[in-house]
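Novice: Protein chains in written order, with the working numbering: chain Y, 1 to 207; chain C, 208 to 334. Beta carbons: idealized from backbone N, C-alpha and C, even for Gly. Okay, here's the structure, questions in a sec.
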Amino acid sequence: MNAAAFAAWIRHTAELVSADAGRLTRLDAAIGDGDHGHNLDRGFRAAAEALPDGVPPGKVLMAAGRSIVSRTGGASGPLYGTALRRAGKAVGDAGDVGAAGLGAALRAALDGVQELGKAAEGDKTMVDALAPAVAAYEAALADGSGLADCVRAAADAAAKGADDTVLMQARKGRASYLGPRSVGHMDPGAASTALVLRGLADVAGEG
Amino acid sequence: MVGIVIISHSRTLAEGAAEVARTMGVGKAVVEPAGGDAEGRLGTSIDLVEQAVAAANDGDGVVLLADIGSSVLTAKTLIEDAGDDVLLADAPLVEGSVAAASMAAAGAGLAAVHAAAESARDHRKAG
Chain Y
1 MNAAAFAAWI RHTAELVSAD AGRLTRLDAA IGDGDHGHNL DRGFRAAAEA
51 LPDGVPPGKV LMAAGRSIVS RTGGASGPLY GTALRRAGKA VGDAGDVGAA
101 GLGAALRAAL DGVQELGKAA EGDKTMVDAL APAVAAYEAA LADGSGLADC
151 VRAAADAAAK GADDTVLMQA RKGRASYLGP RSVGHMDPGA ASTALVLRGL
201 ADVAGEG
Chain C
208 MVGIVIISHS RTLAEGAAEV ARTMGVGKAV VEPAGGDAEG RLGTSIDLVE
258 QAVAAANDGD GVVLLADIGS SVLTAKTLIE DAGDDVLLAD APLVEGSVAA
308 ASMAAAGAGL AAVHAAAESA RDHRKAG
């Protein structure tokens, strides 16, 4: 994937988040503070509008991360922003990112999110979508799959991971105050993570 | 003097906590509020926090106090890019701010002000 492909991913994800903002906010209204879709829509829209030209993929990701931290407003801002910035740092100055490089970037994003938010798998957070996605990507890569197939495996795993949060009891964020009452609702952060990775799969499939 | 920045989802909560902390810092402590999002609604703005840190830092460093959720994550994100003279206190907002302002006003260094803020965690109110 070159810089244009990463920029296309951010723009496409902004469209997906915008189209699904109502659902994400409704999920958040059930167990969170009811602003996730609106916040993330604002963040990704700002990122899509401020994409730099003529820079390598790593710089595209870091610029998008910075916009999202600045403009999102909720906890998802620092978390998604850190994910993108760590991914950008992992990619470095490469002009084109291959399957192994993208896998390393996704792993770096997961590490960054966990370092910042201190969430483990099973806490009913975005980690429950991102961690299985990274694992599925790495498994596909080890089997010799190309970039597009690896990303598709990651997106599928993220969607399943988001579905699996329905039965979990939250241990992070506002939802954790609800204890057992948080069970029965999908985590909005896991849902949006599945959306972001679906966006990546859409773009990678075209390239 | 070590500066203090109070990060809250609410502009008025940050300003109120800063008012209390300044009073306990006998008018000498530098306490900057960073509350709400860029439009003044409930939320967090890393740009507002960066401006407050710049205003509070006279070269002796800054201790951050944050309320919950995105305030804490925003503080940690800012620290990742800031120098090692900006520290987040693992402390309750009001108690930590008062403790930090008191210690800062006494002329203590960054580590001592940070430790004072974190000691506020152990101040029991009942039992």
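Can you tell me which of the three DSSP states G88 (chain Y) falls into?
Specialist: In the first sequence, counting from the first residue as 1, residue 88 (chain Y) sits at position 88. The answer is helix: DSSP assigns G88 (chain Y) an H, G or I state.
Novice: In chain Y, what lies closer than 7 Å to S277 (chain C) by C-beta?
Specialist: By 1-based counting over the second sequence, the position of residue 277 (chain C) is 70. Near S277 (chain C) (Cβ distances below 7 Å), the residues of chain Y are G74, A75, G77, P78.
Novice: List the residues of chain Y that D291 (chain C) touches, going by C-beta distances under 9 Å, in chain order.
Specialist: For the purposes of this step, residue 291 (chain C) is taken as the residue at position 84 of the second sequence. Here the premise fails: no neighbours, minimum Cβ distance about 17 Å.
Novice: Excluding the five sequence neighbours on either side, which residues of its own chain have a C-beta within less than 7 Å of the C-beta of G98 (chain Y), listed in chain order?
Specialist: Numbered from 1 along the first sequence, position 98 holds the residue referred to as residue 98 (chain Y). So the qualifying residues of the chain are L147.
Novice: Return the CA-CA distance between L249 (chain C) and V269 (chain C), expressed in angstroms with no decimal places.
Specialist: The residue given as residue 249 (chain C) occupies position 42 in the second sequence. The residue given as residue 269 (chain C) occupies position 62 in the second sequence. Going by the C-alpha atoms only, they are around 24 Å apart.
Novice: Using alpha carbons as the reference points, say which of Y:Y80, Y:D96, Y:A142 lies closest to G117 (chain Y).
Specialist: Start at 1 with the first residue of the first sequence, and residue 117 (chain Y) comes out as number 117. Of Y:Y80, Y:D96, Y:A142, the residue nearest in Cα terms is Y:Y80.
Novice: Taking Cβ-Cβ distances shorter than 7 Å, what residues in chain C pair up with S192 (chain Y)?
Specialist: In the first sequence, the residue the question calls residue 192 (chain Y) occupies position 192. Here the premise fails: no neighbours, minimum Cβ distance about 15 Å.
Novice: Which term fits P78 (chain Y), buried or exposed, when burial requires 16 or more other beta carbons within 10 angstroms of its beta carbon?
Specialist: The residue you call residue 78 (chain Y) lines up with position 78 of the first sequence. Classification of P78 (chain Y): buried, given that the 10 Å Cβ count is 16 or more.
Novice: Is the CB of S67 (chain Y) under 8 Å away from at least one CB in chain C?
Specialist: Locating residue 67 (chain Y) in the first sequence gives position 67, where the first residue counts as 1. Closer than 8 Å: no.
Novice: Which residues, taken in chain order from the segment 76-108 of chain Y, show a beta carbon closer than 9 Å to some beta carbon of chain C?
Specialist: Residues passing the 9 Å Cβ filter: S76, G77, P78, L79, G81, T82, R85.
Novice: Just verifying my parser: in three-state terms, what is the DSSP assignment at T72 (chain Y)?
Specialist: Counted from its first residue, the first sequence places residue 72 (chain Y) at position 72. DSSP places T72 (chain Y) in coil when its eight states are reduced to three.
Novice: If you run the structure through DSSP and keep just helix, strand and coil, what is A241 (chain C)?
Specialist: Your numbering for residue 241 (chain C) matches position 34 in the second sequence. In this structure, A241 (chain C) counts as strand in the three-state DSSP scheme.
Novice: Mind pulling the chain C residues with CB within less than 9 Å of R174 (chain Y)?
Specialist: Here residue 174 (chain Y) refers to the residue found at position 174 when the first sequence is read from its first residue. Simply I275, G276.
Novice: Quick check on DSSP: helix, strand or coil for V233 (chain C)?
Specialist: Reading the second sequence from its first residue, position 26 is the one you call residue 233 (chain C). Coil, per DSSP.
Novice: Would you please verify whether the beta carbon of G247 (chain C) is less than 8 Å from any beta carbon of chain Y?
Specialist: Translated into positions along the second sequence, residue 247 (chain C) becomes position 40. Chain Y, which has no Cβ nearer than 8 Å to the Cβ of G247 (chain C), makes this no.
Novice: Within its chain, find whatever has a CB closer than 8 Å to the CB of A19 (chain Y); leave out the 5 residues flanking it on each side and keep chain order.
Specialist: For this step, residue 19 (chain Y) is matched to residue 19 along the first sequence. Nothing meets the Cβ criterion.
Novice: Cα separation between R71 (chain Y) and G334 (chain C)?
Specialist: Start at 1 with the first residue of the first sequence, and residue 71 (chain Y) comes out as number 71. Start at 1 with the first residue of the second sequence, and residue 334 (chain C) comes out as number 127. Approximately 43 Å between the Cα atoms of the pair.
Novice: Looking at the ligand SAH, does it come within less than 7 Å of E138 (chain Y), judged from the CB to the closest heavy atom?
Specialist: Ligands are entirely absent from the displayed structure, and the ligand SAH is therefore not among its contents.
Novice: Any beta-carbon of chain C closer than 8 Å to the one on S70 (chain Y)?
Specialist: Within the first sequence, the letter at position 70 stands for residue 70 (chain Y). Yes, because at least one Cβ of chain C sits closer than 8 Å to the Cβ of S70 (chain Y).
Novice: Just checking: is the beta-carbon of G117 (chain Y) within a distance shorter than 8 Å of some beta-carbon in chain C?
Specialist: Residue mapping note: residue 117 (chain Y) aligns to position 117 of the first sequence, counting from 1. Yes, its Cβ sits closer than 8 Å to a Cβ of chain C.
Novice: Taking a contact to mean a Cβ-Cβ separation below 8 Å, would you say M231 (chain C) touches V305 (chain C) in this structure?
Specialist: Along the second sequence, read from residue 1 onward, the residue named residue 231 (chain C) stands at position 24. Along the second sequence, read from residue 1 onward, the residue named residue 305 (chain C) stands at position 98. Cβ distance < 8 Å, so M231 (chain C) and V305 (chain C) count as in contact.
Novice: Is it a yes or a no for the segment 48-68 of chain Y touching the segment 114-132 of chain Y, going by three-plus beta-carbon pairs under 8 Å?
Specialist: Touching, no, given that fewer than three Cβ pairs across the two stretches are closer than 8 Å.
Novice: Short of 6 Å in beta carbon distance, which residues of its chain neighbour A259 (chain C), apart from the five on each side in sequence? Order them along the chain.
Specialist: Stepping through the second sequence from its first residue, residue 259 (chain C) is reached at position 52. Only V212, E239, A241 meet the Cβ criterion.
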